[in-house]
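Before any comments, here is the structure.
In the working numbering, the protein residues as written are 49 to 130.
Here's what the structure looks like:
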């Protein structure tokens, strides 16, 4: 593996972790309320991983958004989750 192949390196490193996001769905929804999310707002989620936060906020608060991540594996999971 080329040392500059960051997306592949990241996926290999991070895929083995059992917990990628230590927050529960309820905690993510509470965070959305705390920052004042309202229906129709748009959010940019950098390093979105598998999209847990955006999907939770979409369901709980009616927001839309765009997720960006270095890992194509995690982005595929985010698309499937959405």
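Note that CB positions come from ideal geometry on N, CA and C, so glycine has one too.
Under the rule that 16 or more other beta-carbon atoms within 10 Å means buried, what is residue i, buried or exposed?
i	result
residue 130	exposed
residue 99	buried
residue 119	buried
residue 82	exposed
residue 67	The predicted position of residue 67 is uncertain, since its pLDDT is 49 and thus under 50; no value can be drawn from it.
Quick check on this structure: which residue in the options has the alpha carbon closest to the alpha carbon of residue i?
i	options	result
residue 94	117, 123, 124, 74	117
residue 128	74, 103, 108, 89	103
residue 115	71, 101, 70, 73	101
residue 113	71, 91, 73	91
residue 79	87, 124, 56, 109	109
residue 85	96, 75, 106	106
Opposite residue i in the DSSP bridges: which residues?
i	result
residue 92	114
Does DSSP put residue i in a helix, in a strand, or in coil?
i	result
residue 46	Given that the chain is displayed from residue 49 to residue 130, the structure contains no residue 46 and the question cannot be resolved.
residue 85	coil
residue 130	coil
residue 125	helix
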